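First the structure, in the form of structure tokens, and then the observations on it.
Take a look at the structure:
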């Protein structure tokens with residue numbers, strides 16, 4: 001078919017035309033009229049003169065992968081079905097600059113702080129926190145209270161490869177302590193918070209984490225905090241956790 005230059009749009013990278021429908025493009029660009037992809041035969045490598053004429057003279061816009069990363073919000077992703085999310089993650093597998101960590105003089109990929117990973121709850125979160133700590137994990141059979149990528153999506157072979165290259169892994173008890181347990185004890189804590197079955201379970205989880213090979217990951221969260229904030233009186237069932245913690249006080 002044909003369209004006027006005002007409604008035409010060029011794909012900045014291979015795969016965008018197959019990934020995004022005209023309606024999805026309209027949502028991302030905030031337009032009332034659906035833009036129409038121009039043929040993939042037009043590119044700076046194949047048809048440099050025509051490409052330049054379209055962009056410089058007719059002012060045809062070019063939609064890049066960076067534009068996709070910047071404009072796609074959690075609301076946009078929430079409106080997409082699982083099969084599209086699978087196609088999106090498969091596309092990202094070969095778009096390393098969008099999700100690579102900061103290295104040398106290069107900035108980190110735009111998506112590392114964007115909420116584009118679909119959880120088992122249906123919510124969408126960024127893969128890493130501001131300090132580049134993993135904020136979501138691969139599905140696991142273990143009963144751990146941590147955010148997990150949706151099982152049916154992560155089960156796809158190429159998606160799983162992308163998620164692992166991104167830096168995700170299956171969680172362990174240390175991840176649960178860092179992501180779910182310790183954040184509950186930040187800021188002001190009321191006295192009644194330091195008692196009960198949940199508190200006891202939290203202390204036991206911390207003690208277990210401190211006995212693992214990854215205990216060093218937990219220490220930065222614990223050592224700067226006054227002991228009474230988290231450990232209470234350190235009696236009864238808390239003795240083991242307090243003793244374990246004491247072994248690391250001089251690290």
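In this note's numbering, the protein residues as written are 1 to 251. The beta carbon of each residue, even a glycine, is placed where N, CA and C say it ideally should be. Predicted model, so just to flag it, every value in this text is computed and none were measured.
N- and C-terminal bounds of the beta strand (DSSP E) containing residue i
{"i": "residue 9", "result": "8-11"}
{"i": "residue 79", "result": "Counting along the chain, residue 79 falls outside any beta strand (DSSP E), and DSSP gives it neither H nor E."}
{"i": "residue 62", "result": "61-63"}
Backbone secondary structure at residue i - three-state DSSP
{"i": "residue 88", "result": "helix"}
{"i": "residue 119", "result": "strand"}
{"i": "residue 20", "result": "coil"}
{"i": "residue 5", "result": "helix"}
{"i": "residue 149", "result": "strand"}
{"i": "residue 139", "result": "coil"}
{"i": "residue 51", "result": "helix"}
{"i": "residue 134", "result": "strand"}
{"i": "residue 114", "result": "coil"}
{"i": "residue 73", "result": "coil"}
{"i": "residue 94", "result": "coil"}
{"i": "residue 228", "result": "Model confidence at residue 228 stands at a pLDDT of 44, short of 50, so the residue's coordinates are unreliable and nothing is read from them."}
{"i": "residue 31", "result": "coil"}
{"i": "residue 103", "result": "strand"}
{"i": "residue 15", "result": "coil"}
{"i": "residue 185", "result": "helix"}
Supposed contact pair residue j and residue i - C-beta distance, whole angstroms, cut 8 Å
{"i": "residue 171", "j": "residue 146", "result": "5 Å"}
{"i": "residue 24", "j": "residue 90", "result": "In fact, because the Cβ distance is near 16 Å, the residues do not count as touching under 8 Å."}
{"i": "residue 144", "j": "residue 176", "result": "5 Å"}
Beta-carbon proximity of residue i to residue j, cut-off 9 Å
{"i": "residue 33", "j": "residue 2", "result": "no"}
{"i": "residue 70", "j": "residue 110", "result": "yes"}
{"i": "residue 42", "j": "residue 54", "result": "yes"}
{"i": "residue 138", "j": "residue 119", "result": "no"}
{"i": "residue 132", "j": "residue 101", "result": "yes"}
{"i": "residue 76", "j": "residue 29", "result": "no"}
{"i": "residue 154", "j": "residue 124", "result": "no"}
{"i": "residue 207", "j": "residue 181", "result": "no"}
{"i": "residue 96", "j": "residue 15", "result": "no"}
Opening and closing residue of the alpha helix (DSSP H) in which residue i lies
{"i": "residue 210", "result": "196-210"}
{"i": "residue 165", "result": "157-166"}
{"i": "residue 174", "result": "173-176"}
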